[in-house]
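Heads up, the thing below is written out as structure tokens.
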Amino acid sequence: MTEKNGDLMEKIVSLCKRRGFIYPSSEIYGGMSGFWDYGHYGNELLDNIKKLWWRNFVSSREDIYGIRTSIVMNPQVWEASGHATTFDDPMEDGQRFNVMFKTSVGAGEEATTSYLRPETAQGMFVNFKNTIDSFHPKLPFGIAQIGKAFRNEISPRDFIFRSREFEQMELEYFVREKDWEKYFQEWLEKMREFGKEIGITQIVELDVPPEDRAHYSKRTIDFEFDYPFGRKELWGLAYRTDYDLRAHSARSGTDLEYFDEETGDRLTPHVIEPSLGVDRTVLAVLASAYTEDELGGEKRVYLKLNKNIAPVRAAVFPLLKNKPELVSKAREVYLMLKKEFGNIEFDDNGNIGKRYRRQDEIGTPHCITIDFDTLTDDMVTIRDRDTGEQERVRIDDLKEKLQ
Ligand code: ATP
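Numbered according to the numbering used here, the sequence shown spans residues 361 to 763.
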């Protein structure tokens, strides 16, 4: 890591702490390595990213079913998937260490050992039959979920990049074997689009060579991002073949074949899996957005976040705090916008310049100021975060302006 980039990482971590995005977990007890808490703005950002993913990958489509499965599953799931035997990392002394978190379920002699799921994907595979029986989908179709995953990483590091508890957005797309390349390409495109939509700059795609692929994969593309600490995996797209359905079918004794009404064939579908880590996405978004420049002769820091994911869409200020007529007009505009968008802030603290800086640092695209003229002409000043430019806009046009 160059000094400049190390510096950048420190600046991002410090901004996240100071401005209420991300804190070390249980910090007052000295923290816990590999665990993090999201503060108000971090939680908003994370939530906006998840909602956008859900819209793009699930709810805007006709062929994807959402699901929410349990974190602790029958331990046989992990025997069948291969995680119990192969999901390990080498320790310093060369010994292998399985990174699944063990937990004990039930009391006394009845207790069984199970695991916190290391990926959400298996929840989709074990519900393949339920989904078919409930919805009778035609191939190709997918099952998707967003949820927590846990890995007892030997050395968690690089802030939220490699943690022990994190979230995934995963989709298992079931296809006929002969079609796998076509749909692999389609999901590749969807992932590229999503990267652009959330403002991640410079994603590099790596076609993973066979010796580096997971045991179940016949083709994997890693989406890599230039984090301040180096080029690292952000997301993965894998062709998982029919490995998982076959393995679960064999182990559970449940038939997981699909009956193709069109051809009268029974077949085990093959799977294309876009897998995206939420936390790594948040960090890539923050690293892409972090900007330092000079505005009006002053140095400033701002997050150039796209408005579709910014924690605050707009902030509303009365020019002066001690003028009740300005405050009440500003509250009126604030409430009108809050009803429409939700994530609108009101701030009457300190001088306007200071309020702008604060909103710049959390990435708010627009600030709206109510001044004495507003009281007579029903117009406000709206300031653009990136250029600092200001224009007068009618209150009636604000909703449209912020869309
Ligand atoms: P790595 O090689 O960096 O350990 P991986 O190849 O094991 O990652 P996958 O098993 O493909 O990761 O998991 C899918 C996605 O989940 C990753 O692309 C990443 O976004 C996210 N992810 C995996 N491990 C972690 C972790 N420890 N902390 C945060 N996110 C993670």
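Built from N, CA and C at the ideal position, the CB exists for glycine as well.
Computed from a predicted model, the values in this text were never measured in an experiment.
{"Asked": "Can you have a look at M361 and say buried or exposed, based on whether 16 or more other CB atoms are within 10 angstroms of its CB?", "Found": "Residue confidence is low: M361 scores 48 on pLDDT, short of 50, so the model does not pin down where it sits. No coordinate-derived value is stated."}
{"Asked": "Just to confirm, are Q528 and G596 a CB contact at a threshold of 8 Å?", "Found": "no"}
{"Asked": "Does the distance from the CB of R745 to the CB of D720 come in under 8 Å?", "Found": "yes"}
{"Asked": "Is DSSP giving M361 helix, strand or coil here?", "Found": "Residue confidence for M361 is low, a pLDDT of 48 falling below 50, so the modelled location carries little weight and cannot support an answer."}
{"Asked": "Okay, do the stretch 715-734 and the stretch 673-685 touch, 3+ Cβ pairs below 8 Å being the bar?", "Found": "yes"}
{"Asked": "So the alpha helix (DSSP H) P684 belongs to, where does it begin and stop?", "Found": "684-701"}
{"Asked": "Would you mind giving the Cβ-Cβ distance between F554 and N416, rounded to the nearest angstrom? I have them listed as a contact below 8 Å.", "Found": "6 Å"}
{"Asked": "Consult DSSP for R415 and reduce its assignment to one of helix, strand or coil.", "Found": "helix"}
{"Asked": "Is any non-hydrogen atom of the ligand ATP found closer than 7 Å to the C-beta of S393, if you look at the structure I gave you?", "Found": "no"}
{"Asked": "What does DSSP give as the partner residue(s) for Q750 in the beta ladder?", "Found": "R743"}
{"Asked": "Please identify the residue among C376, L679, R428, S688 whose C-alpha is closest to the C-alpha of I506.", "Found": "R428"}
{"Asked": "Applying the criterion that 16 or more other CB atoms from any shown protein chain within 10 Å of the CB defines a buried residue, is Q562 buried or exposed?", "Found": "exposed"}
{"Asked": "Going by the CB atoms, is the gap between L531 and E633 shorter than 8 Å?", "Found": "yes"}
{"Asked": "Given a cut-off of 8 Å on the beta-carbon distance, is the pair F585 and I558 in contact?", "Found": "no"}
{"Asked": "Identify whether Q528 lies in helix, strand or coil by the three-state DSSP scheme.", "Found": "strand"}
{"Asked": "Within the same chain, show all residues whose beta-carbon is closer than 8 Å to that of S385, passing over the 5 residues directly before and after it, in chain order.", "Found": "G391, M392, F395, W396, D397"}
{"Asked": "Determine the DSSP secondary structure at P637, reduced to helix, strand or coil.", "Found": "Note that residue 637 is Gly in the sequence shown, not Pro. It is a strand residue."}
{"Asked": "What's the gap between the Cα of Y475 and the Cα of T445?", "Found": "13 Å"}
{"Asked": "Helix, strand or coil for G483? Go by DSSP, reduced to three states.", "Found": "helix"}
{"Asked": "Could you check where the beta strand (DSSP E) with E565 kicks off and where it finishes?", "Found": "563-567"}
{"Asked": "First and last residue of the alpha helix (DSSP H) that includes G555?", "Found": "540-557"}
{"Asked": "I'd like to check one pair, R640 with A440: are the Cβ atoms closer than 8 Å?", "Found": "no"}
{"Asked": "Write down the C-beta distance between Q646 and T628 rounded to the nearest angstrom, noting that I regard them as a contact closer than 8 Å.", "Found": "This sequence places Leu at residue 646; Gln is not what is there. Contact doesn't hold; Cβ gap of about 41 Å is too wide."}
{"Asked": "What are the boundary residues of the beta strand (DSSP E) that includes N458?", "Found": "456-458"}
{"Asked": "If the criterion is Cβ atoms closer than 8 Å, does the pair E537 and H630 meet it?", "Found": "yes"}
{"Asked": "How about the stretch 400-412 and the stretch 444-463: do they share at least three Cβ pairs that are nearer than 8 Å?", "Found": "no"}
{"Asked": "Find the nearest neighbour of A471 within the set R477, T463, P478, judged by alpha-carbon distance.", "Found": "T463"}
{"Asked": "Does the Cβ-Cβ distance between L762 and E685 come in under 8 Å?", "Found": "no"}
{"Asked": "Around the C-beta of Q750, are 16 or more other C-beta atoms found within 10 angstroms, so that it is buried, or is it exposed?", "Found": "exposed"}
{"Asked": "Using 8 Å for Cβ pairs, my map puts I722 next to N408. What's the rounded Cβ distance?", "Found": "13 Å between Cβ atoms; not a contact."}
{"Asked": "Since F526 and A504 should fall inside the 8 Å C-beta cutoff, what is the C-beta to C-beta distance between them, to a whole number of angstroms?", "Found": "Incorrect: roughly 17 Å between the Cβ atoms, too far for contact."}
{"Asked": "Tell me which residues share the same chain as K689 and place their Cβ nearer than 8 Å to its Cβ, disregarding the 5 neighbours each side in the sequence.", "Found": "P678, I730, T734, L735"}
{"Asked": "Measuring alpha carbon to alpha carbon, tell me which of D367, I382, N365 ends up nearest V642.", "Found": "I382"}
{"Asked": "Looking only at its own chain, which residues have a Cβ that is under 6 Å from the Cβ of E479, when we skip the five neighbours before and after it?", "Found": "A509"}
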